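Data block below; observations after.
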Amino acid sequence: MTSKKHLNPVALIYFIYKTLADWLWIIFIVFASLLSVFQKVGISLPMVVTAFVILIVISSIIRYGVFTYEIGEEMLTINSGIFVKKHLHIPYQRIQTITQDQQFFLIPFHLETLNIETAGQESDKAEAILPMVPESTRSIIESHRHPTSAVTDADIKPDDNVYHIDSHSLNIFALTSLGILPILAVLGAVYGRIQDAIPERYLNSLFALMANESILIIVSVIVILLIIGMIISYLMTIFKYYRFTISEDNGQLQTTQGLITKRSFSVKQQRIQAVVFKQNIIRQLFKLTTVQTVVASNAGKQEEEDDITLVPVINNHLADSMTHRFVDWVPEKLPSLAHLPHRSYWYYIRNASLISILMVAIFVSTFRIWGLTTLILLPFAIWIGWYAAKNNGYYIGNHQLIISNGHLLTKSITVVETKNIQSFEVRQSIWMHRTGLAHFVIHIRSKNSDKELRLRYIPKAEADNLFNWLS
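Numbering-wise (this note's numbering), the sequence shown opens with residue 11 and increments by one.
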């Protein structure tokens, strides 16, 4: 067993942050309940704040001092705890994924944070965290996990199985993102907060101005919000996927990405539960695809929908062959899918329209004649339903089930090996029994929980065939 190692002194920043996060609710309660008492006995607010700061710093220094780790021949050991000593022993064969996070201010110190997940992990958090350790630490741990083939950035040669995103692809990926939608929602919420803070007399003056030039003002505000949202969405994507790289060696995948925060993780190929080929409506128009993986790990918890990006953006005709390079059980050429009969389209259109009809009724009852403007939602809802139905399909064969879905103007084709399907079922309501239709549902593992994939409104006979094929 090697000797115990202390963390770099820079790790004090991490412990101060953790201590502050752990004590934040206590600080709030004390300030809310005892501040008046402090003032009565002559203790000023600056004195209270100073006392809390000193207490947090002293506690953080102690937590830093008792935290040590050992990289032994058989296992990794992490020692922590002030009043209750904790000794976490992790055998190397139980480690499933190692995720690296390196914020920009750690780059000059060549430090990074390692999040280590194991096979027995049940929570959403990594079982072990090594904050702000030298960059070489992960390579040392990997050398114990894979004594004959430890993969490091220095080991990757030009002829290895490696993909680097180029500037052109990264810009296309950022420009075709729908990330502007949640950003606009946030900007709207911020605007609401600002509006609440503005005195009423200024708001009345503003509304009077808008009454005279309403169309010009409203259009200008919408255009400005769209431009701001697009710029923020573009920069967030660039920062997140800057210099995206993925490599494969002996079934071990490793990705690296990020500008402000460099993030890297490694995962065994057998931990991949499914591969998803995803296209939003914009990328479908430009024939571009994003490839993601569903992994039985928390490595993708910061990714969209908790899936890990394998290839950020690639032309449709190259997507499956590129994916096959890194996940060999994915077909080099995706087969043609069986799609829904046209009579099933009605059910998707009906479901989408019911929601919009409800919204129209609420707005009409509230705003009367002006509420009729929401009728524009009806053709949009019909299109949403038609889009979902058109992109619904499946394929069975070669020990694989491929399911295609359309949801919120995004098409997803999921490839699953049958051995990764945890359970499956046929669902049919009493109303669907008359139409001869059913839903076929499968469950796969995603992170440490469950992910449900559904084929909706398919003929009951086809659902039964799928059930019997998987049985």
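The beta-carbon is built from N, C-alpha and C at its ideal position, and this holds for glycine as well.
Only a predicted model underlies this, so the values are computations on that prediction, with no experimental measurement involved.
With a Cβ-Cβ cutoff of 8 Å, do residue i and residue j count as a contact?
| i | j | result |
| --- | --- | --- |
| residue 414 | residue 347 | yes |
| residue 288 | residue 302 | yes |
| residue 362 | residue 329 | no |
| residue 155 | residue 105 | yes |
| residue 271 | residue 111 | yes |
| residue 435 | residue 409 | no |
| residue 342 | residue 354 | no |
| residue 304 | residue 283 | yes |
| residue 460 | residue 449 | no |
| residue 183 | residue 323 | yes |
| residue 31 | residue 74 | no |
| residue 366 | residue 388 | yes |
| residue 368 | residue 431 | no |
| residue 364 | residue 374 | no |
| residue 538 | residue 122 | The structure shown does not extend to residue 538, since the chain spans only 11 to 481, so no value can be given for it. |
Which value, in whole angstroms, describes the spacing of the CA atoms of residue i and residue j?
| i | j | result |
| --- | --- | --- |
| residue 89 | residue 97 | 5 Å |
| residue 407 | residue 28 | 50 Å |
| residue 425 | residue 138 | 31 Å |
| residue 379 | residue 418 | 29 Å |
| residue 259 | residue 93 | 44 Å |
| residue 67 | residue 171 | 47 Å |
| residue 91 | residue 82 | 21 Å |
| residue 247 | residue 291 | 18 Å |
| residue 491 | residue 63 | Since the first residue shown for the chain is 11 and the last is 481, residue 491 is missing from the structure and cannot be characterised. |
| residue 397 | residue 416 | 6 Å |
| residue 136 | residue 125 | 6 Å |
| residue 76 | residue 70 | 10 Å |
| residue 412 | residue 401 | 13 Å |
| residue 474 | residue 464 | 14 Å |
| residue 384 | residue 395 | 18 Å |
| residue 102 | residue 19 | 27 Å |
| residue 65 | residue 120 | 30 Å |
| residue 168 | residue 264 | Confidence at residue 168 is low in this model, with a pLDDT of 44, below 50, so its placement is unreliable and the value that follows should be read with caution. C-alpha separation (whole angstroms): 15 Å. |
| residue 404 | residue 472 | 10 Å |
| residue 54 | residue 115 | 35 Å |
| residue 399 | residue 469 | 14 Å |
| residue 107 | residue 127 | 5 Å |
| residue 359 | residue 442 | 16 Å |
| residue 180 | residue 356 | 38 Å |
| residue 95 | residue 262 | 35 Å |
| residue 352 | residue 345 | 21 Å |
| residue 444 | residue 478 | 22 Å |
| residue 16 | residue 84 | 20 Å |
| residue 447 | residue 476 | 14 Å |
| residue 109 | residue 46 | 46 Å |
| residue 229 | residue 237 | 12 Å |
| residue 38 | residue 48 | 14 Å |
| residue 185 | residue 420 | 16 Å |
Residue i: buried (16+ other C-beta within 10 angstroms of its C-beta) or exposed?
| i | result |
| --- | --- |
| residue 57 | exposed |
| residue 52 | exposed |
| residue 372 | exposed |
| residue 25 | buried |
| residue 457 | buried |
| residue 14 | exposed |
| residue 337 | buried |
| residue 325 | exposed |
| residue 10 | Residue 10 lies beyond the range of the chain shown here (11 to 481); nothing can be said about it. |
| residue 437 | exposed |
| residue 148 | buried |
| residue 243 | buried |
| residue 245 | exposed |
| residue 250 | buried |
| residue 466 | buried |
| residue 141 | buried |
| residue 4 | Because the chain here runs from 11 to 481, residue 4 falls outside it and cannot be looked at. |
| residue 232 | exposed |
| residue 86 | buried |
| residue 376 | exposed |
| residue 306 | buried |
| residue 59 | exposed |
| residue 1 | Residue numbering for the chain in the displayed model covers 11 to 481; residue 1 lies beyond these limits and cannot be assessed. |
| residue 340 | buried |
| residue 433 | exposed |
Which ranges would you report for the alpha helix (DSSP H) in the segment 220-283 if only whole runs of at least 4 residues count?
Segments of the alpha helix (DSSP H) lying fully in the segment 220-283: 224-251.
At a cut of 8 Å, does the segment 267-281 reach the segment 293-300 through at least three beta carbon pairs?
Short answer: they don't touch.
With three or more C-beta pairs closer than 8 Å as the rule, is the segment 250-264 touching the segment 168-185?
At 8 Å Cβ cutoff, the stretches touch.
At 3 residues or longer, and completely inside the segment 51-118: list those beta strand (DSSP E) runs for me, N to C.
Here the runs fully enclosed are 78-81, 85-90, 96-101, 105-113.
Ignoring anything shorter than 3 residues, give me the beta strand (DSSP E) runs that lie fully in the segment 383-439, in order along the chain.
Entirely contained in the segment 383-439, the beta strand (DSSP E) runs reaching 3 residues are, in chain order, 403-407, 410-417, 420-427, 431-437.
Could you tell me which uninterrupted beta strand (DSSP E) segments, each at least 3 residues in length, are contained entirely in the segment 281-362, listed from first to last along the chain?
Fully enclosed beta strand (DSSP E) runs of 3 or longer: 282-290, 298-305, 318-325.
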